[in-house]
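Residue numbers (this note's numbering): 113 to 346.
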């Protein structure tokens with residue numbers, strides 16, 4: 113006996129399978145991250161072809177078979193048109209999708225992750241500033257890490273538990289932030305400047321709308337990239 117399910121879903125990734133099928137990676141509102149098969153979706157005559165495009169928000173209906181989930185219907189809610197027409201936005205969307213796919217290993221509903229993805233793609237479709245696109249990306253990365261168990265504690269030293277001052281360090285070995293006094297007890301440190309710490313605190317405490325338009329420079333983005341890559345290999 114087969115069961116039919118309906119849910120809202122972001123289409124994160126697709127790959128060809130067999131002669132005309134596609135395997136889709138979806139992050140769903142009700143079931144978390146799942147894989148589904150779209151039978152014959154690569155055929156020009158497929159009814160699903162126009163409704164299962166990457167980086168789209170859809171209403172999806174699928175059947176749980178013995179070995180796989182199979183899509184039987186889909187309707188586009190939002191196609192995020194401008195994400196797909198701008199190279200920087202498209203790269204950002206691709207990196208966000210890769211982070212989700214590499215980090216989440218089980219299919220569990222998570223309302224916070226769902227809301228974060230929805231906010232990220234909705235804003236990415238609207239903003240145009242290259243700086244704002246970068247801010248949105250690192251906002252997503254840091255927030256996503258925090259939600260999925262890779263919380264970066266930037267308020268106290270991971271060794272002594274003391275309050276972090278203006279001079280602190282990221283330990284590549286421990287993947288934690290340490291104070292000036294404890295930096296020698298943790299291997300392979302890199303100094304995090306005070307401005308980057310302020311940016312991290314803003315990200316963890318604020319809504320993304322409050323961060324857009326901040327005058328961040330390439331040095332800030334390099335440090336944010338360095339920090340995020342200690343937790344996720346993109």
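Glycine included, C-beta positions come from ideal geometry on N, C-alpha and C.
Quick caveat, the model's predicted, so the values are computed rather than measured.
Item, Value
"Spatial neighbours of residue 150 in its chain, beta-carbon cut-off 7 Å, leaving aside the 5 residues before and after", "133, 134, 136, 160, 164 and 183"
"Pairwise C-alpha distance: residue 277 and residue 302", "15 Å"
"Where the alpha helix (DSSP H) containing residue 204 begins and where it ends", "199-215"
"Buried versus exposed call for residue 224 [16 or more other C-beta atoms within 10 Å across all chains shown]", "exposed"
"Euclidean distance between Cα positions of residue 175 and residue 181", "6 Å"
"CB contact flag (residue 375, residue 171, <9 Å)", "As displayed, the chain neither begins before 113 nor continues past 346, which places residue 375 out of reach and without an answer."
"Minimum length 4: unbroken alpha helix (DSSP H) runs contained in the stretch 145-192", "none"
"The stretch 312-324 contacting the stretch 247-261, beta-carbon criterion three pairs below 8 Å", "yes"
"C-beta contact flag for residue 274 and residue 268 at 9 Å", "yes"
"Euclidean distance between Cα positions of residue 206 and residue 240", "17 Å"
"DSSP bridge partner residues for residue 250 (one or two, in chain order)", "DSSP lists no partner for residue 250."
"Min CB distance residue 201 to chain B below 9 Å", "Within the model displayed, chain B is absent; a lone protein chain is all it includes."
"Environment of residue 116 [buried if 16+ CB atoms lie within 10 Å]", "exposed"
"Beta-carbon spacing of residue 310, residue 282 below 9 Å", "no"
"Residues near residue 346 by beta carbon distance below 7 Å, same chain, minus five either side", "A caution first: residue 346 carries a pLDDT of 48, below 50, which makes its placement in the model unreliable, though a value can still be read off. If we look at residue 346 and ignore the five residues flanking it on each side, its Cβ neighbours are 207, 210 and 211."
"Reduced DSSP category for residue 336 - H, G, I as helix; E, B as strand; rest coil", "helix"
"Reduced DSSP secondary structure (H/G/I, E/B, other) of residue 137", "strand"
"Alpha carbon of residue 259 to alpha carbon of residue 337, nearest angstrom", "18 Å"
"Three-state class that DSSP yields for residue 123 in the structure shown", "strand"
"Residue 168, buried or exposed, once every other Cβ within 10 Å from all chains shown has been counted against 16", "buried"
"Proximity below 9 Å, CB of residue 235 to CB of residue 320", "yes"
"Distance between residue 339 and residue 329 (C-alpha atoms, nearest Å)", "16 Å"
"Pair within 9 Å by beta-carbon distance, residue 316 and residue 266", "yes"
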